[in-house]
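These notes are about the structure you will find just below.
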Amino acid sequence: MVKKGDSPGSTTPDIVGGKGYNLLRLAELADALGYKVADFEIIPVCHDYNLARLKGIFDSLQKPIILRSSSPLEDGMTYSYSGRFDSIDFNTHFENHFIPGIQCVIDSAAGEKAAAYAAKHGLTLDNRMAVIAQEQKEFQISGVSYTDVAGKVIIEFVNGNSAGLMDGRDQGQIAVFDKELNPILASRESLGDFICDELRKIAQISCRLQEAFGYRLDLEFGIEALFDGNIYINQARPITEPCWPEVDLGAIPHGNAIMLADVVKGAGNFTGPVYVMTSPDLTEKLALAGNRNPRSAVHEQYNRLREFDQEHTEGYCLLSDTLFAHEHIIGKGLKNLKAVITVNYASRFSHPAAVVSETGAFYLGARNQIGLLGVVETGDTISVAADQFSGILFNHIPKKKPDWNPIDISLYQVVPLKEGLTMQNPAYENVDDHIFLDANGNGVRFVDYNSDEMTGIPEWTSYFIIKKGLEEPVERIYEPIEVVSPYMTFPLMLSDILRKII
Numbered sequence: 078m079v080k081k082g083d084s085p086g087s088t089t090p091d092i093v094g095g096k097g098y099n100l101l102r103l104a105e106l107a108d109a110l111g112y113k114v115a116d117f118e119i120i121p122v123c124h125d126y127n128l129a130r131l132k133g134i135f136d137s138l139q140k141p142i143i144l145r146s147s148s149p150l151e152d153g154m155t156y157s158y159s160g161r162f163d164s165i166d167f168n169t170h171f172e173n174h175f176i177p178g179i180q181c182v183i184d185s186a187a188g189e190k191a192a193a194y195a196a197k198h199g200l201t202l203d204n205r206m207a208v209i210a211q212e213q214k215e216f217q218i219s220g221v222s223y224t225d226v227a228g229k230v231i232i233e234f235v236n237g238n239s240a241g242l243m244d245g246r247d248q249g250q251i252a253v254f255d256k257e258l259n260p261i262l263a264s265r266e267s268l269g270d271f272i273c274d275e276l277r278k279i280a281q282i283s284c285r286l287q288e289a290f291g292y293r294l295d296l297e298f299g300i301e302a303l304f305d306g307n308i309y310i311n312q313a314r315p316i317t318e319p320c321w322p323e324v325d326l327g328a329i330p331h332g333n334a335i336m337l338a339d340v341v342k343g344a345g346n347f348t349g350p351v352y353v354m355t356s357p358d359l360t361e362k363l364a365l366a367g368n369r370n371p372r373s374a375v376h377e378q379y380n381r382l383r384e385f386d387q388e389h390t391e392g393y394c395l396l397s398d399t400l401f402a403h404e405h406i407i408g409k410g411l412k413n414l415k416a417v418i419t420v421n422y423a424s425r426f427s428h429p430a431a432v433v434s435e436t437g438a439f440y441l442g443a444r445n446q447i448g449l450l451g452v453v454e455t456g457d458t459i460s461v462a463a464d465q466f467s468g469i470l471f472n473h474i475p476k477k478k479p480d481w482n483p484i485d486i487s488l489y490q491v492v493p494l495k496e497g498l499t500m501q502n503p504a505y506e507n508v509d510d511h512i513f514l515d516a517n518g519n520g521v522r523f524v525d526y527n528s529d530e531m532t533g534i535p536e537w538t539s540y541f542i543i544k545k546g547l548e549e550p551v552e553r554i555y556e557p558i559e560v561v562s563p564y565m566t567f568p569l570m571l572s573d574i575l576r577k578i579i
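First residue of the sequence shown: 78, per the working numbering; consecutive thereafter.
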């Protein structure tokens, strides 16, 4: 067995796997660089195990324990195998499951996800597997740090442990630090003093680890408590993303935007056809509503995607409600995919997002833009661009004439709201979709909403967009934004006018 404190020079990745070897290197550097590594033991690649020794590992480690895969092919310089092998959590009540759990991790070396990854990259399936048994800490904040992304450190983090962030179910906050470790995307005011200081420490440790390892790193971290400085580095892997092109988003007319991305992974600029699909859960619900077989509907959707991929050899975009549910199909031989857009964003550094980038496609995710799925149809032409930090979806050209009539902007004017909405204002309860159209079509109330990250108190900047010749819109009955624009992004369509008038 190999354990924390053993020298990395005493073993190789062929014995302890790529993840285990990097963990030994992290433990060796921890004291000098100012972080901690949770205690661990590595069960090396072999065929016969001493059962008494395995039980001894369970007894020696504090609970809970996580069992993590460590294939010799995993976390390498060329191929990451991110999310392709199994990890399992245990606690003191599941000692009798510990050894079967080890076998489950070992068996995942030849599992369906690993086999699909190997086939896609022309690799031979390798069933060798080491297993890491490690104490699992409870963190107040945890996340992922990417070093040297266009000269910057990008950190994505959540409250608590980051399991949901990594598998794409949870949505984290983003902070970006420059070479001088100044926050350039999230300010100290928005993060809070303590969080900003701790994240700066993470950025500094990340840069120093990159120097020690000699290459760009994808690091998983956890902060046990914001006040005592217990920072843990849980994993280090080389960044295996493609070499992304430089994209100038400033040259793109944002007045044509139909979606601005909250989360981006990668970079590119593509105009072409789009394939629209929904998650299996949503597809099944829609099938039931239409008296169709739910399972057949899901399979038909994926089969049509494969056909669409084969037909569009010059590339296409994929638009969906979520990324989490489509990881397996994206990783199975889609040859012509250029970009993936989701209307509910996934974590930038999640395993599903990593699967997208390993295909050579870039990813854009927005917050609550589900209305796009009712407007953009498979076969329509769209333009999409991203620069690793921001992204935009624009210039939607339907393959058939839409059955909605866009508003004639020239008939409207922008009037600032004289009295802002407050928590005490009765109109506050009506402000949930940000934009409303009165029943007579006379005007729209556009509410620009910002919430204080620390207090949660909303701050409102409100405007009336009303027909010329009227002093104010009729505020009686309000209908949803779909009446104004099928994209649910009316402010973006008026962005240039707003800047000129307000």
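All C-beta atoms, glycine included, are put in the ideal place defined by N, C-alpha and C.
Check                                                                                                                          : Outcome
Beta-carbon proximity list for leucine 200, same chain, < 8 Å, skipping 5 on both sides                                        : Leu150, Tyr156 and Tyr194
Straight-line gap, lysine 197 to methionine 154 (C-alpha atoms, nearest Å)                                                     : 17 Å
Candidates Ala192, Ala374, Ile300 and Arg205, of which the one nearest serine 222 by Cα                                        : Ile300
Under the three-state DSSP convention, the category threonine 88 falls into                                                    : coil
Whole-angstrom distance between glutamine 250 and histidine 473, CA atom to CA atom                                            : 29 Å
N-terminal and C-terminal residue of the alpha helix (DSSP H) that histidine 428 is part of                                    : 428 to 435
Residue ranges of each alpha helix (DSSP H) within the region 284 to 372, 4 or longer                                          : 357 to 366
Identity of the residues DSSP links to leucine 395 by a beta bridge                                                            : Tyr352 and Val417
Boundaries of the alpha helix (DSSP H) in which serine 157 is found, first to last residue                                     : Premise fails: serine 157 is in no alpha helix (DSSP H) and is neither H nor E.
Residues near serine 427 in its chain [Cβ-Cβ closer than 7 Å; skip 5 each side]                                                : Leu242, Met243, Asp244 and Gly245
Same chain, Cβ closer than 6 Å to asparagine 238, neighbours up to 5 away in sequence not counted                              : Phe216 and Ser219
Where glycine 94 falls: helix, strand or coil (DSSP)                                                                           : helix
Buried/exposed call for cysteine 320, threshold 16 Cβ in 10 Å                                                                  : exposed
Three-state class that DSSP yields for asparagine 127 in the structure shown                                                   : coil
Beta-bridge pairing of asparagine 236 - partner residues as DSSP gives them                                                    : Ile218
Buried versus exposed call for proline 315 [16 or more other C-beta atoms within 10 Å across all chains shown]                 : buried
For isoleucine 142 and phenylalanine 162, believed in contact at Cβ under 8 Å, the rounded distance                            : Contact doesn't hold; Cβ gap of about 17 Å is too wide.
For alanine 115: DSSP bridge partner residues                                                                                  : BP columns for alanine 115 are empty, so no partner.
Glycine 451 (DSSP reduced to helix, strand or coil)                                                                            : helix
Residues of its chain near glutamine 378, where Cβ-Cβ distance is below 7 Å and the 5 sequence neighbours each way are ignored : Met354 and Thr360
Tyrosine 158 versus Gln180, Gly408, Phe234 and Met78, residue with shortest Cα-Cα distance                                     : Gly408
Own chain residues within Cβ distance below 8 Å of glycine 343, not counting five before or after                              : Glu318, Pro319, Trp321, Val433, Ser434, Ala438, Phe439, Tyr440, Ala463 and Gln465
Through-space distance from asparagine 173 to threonine 399, alpha-carbon basis                                                : 37 Å
For valine 122 and glycine 94, believed in contact at Cβ under 8 Å, the rounded distance                                       : 7 Å
Inter-residue spacing [alpha-carbon to alpha-carbon] between alanine 364 and valine 420                                        : 20 Å
Between the CA atoms of arginine 372 and leucine 450 - distance to the nearest angstrom                                        : 21 Å
Boundaries (first-last residue) of the beta strand (DSSP E) holding aspartate 464                                              : 458 to 464
Euclidean distance between Cα positions of glutamate 212 and isoleucine 406                                                    : 33 Å
Nonlocal neighbours in the same chain, by C-beta distance under 6 Å from phenylalanine 117, ignoring five residues either side : Lys81, Ile209 and Gln211
C-alpha distance - phenylalanine 523 paired with aspartate 325, whole-angstrom precision                                       : Residue confidence is low: phenylalanine 523 scores 48 on pLDDT, short of 50, so the model does not pin down where it sits. No coordinate-derived value is stated.
Where glycine 111 falls, given that 16 or more other Cβ within 10 Å makes a residue buried                                     : exposed
Opening and closing residue of the alpha helix (DSSP H) in which glutamate 404 lies                                            : 404 to 407
Backbone secondary structure at glycine 178 - three-state DSSP                                                                 : helix
Of the residues Ser460, Ile279 and Lys415, the one placed nearest alanine 334, counting alpha carbons only                     : Ser460
Those residues which DSSP pairs with aspartate 40 across a bridge                                                              : In the structure as shown, the chain starts at 78 and stops at 579, and residue 40 therefore has no counterpart that could be examined.
Cβ-based burial, tyrosine 555 [other Cβ within 10 Å; buried from 16]                                                           : Caution is warranted here: a pLDDT of 31 is assigned to tyrosine 555, below 50, making its placement in the model unreliable, and the coordinate value is therefore given only provisionally. It counts as buried.
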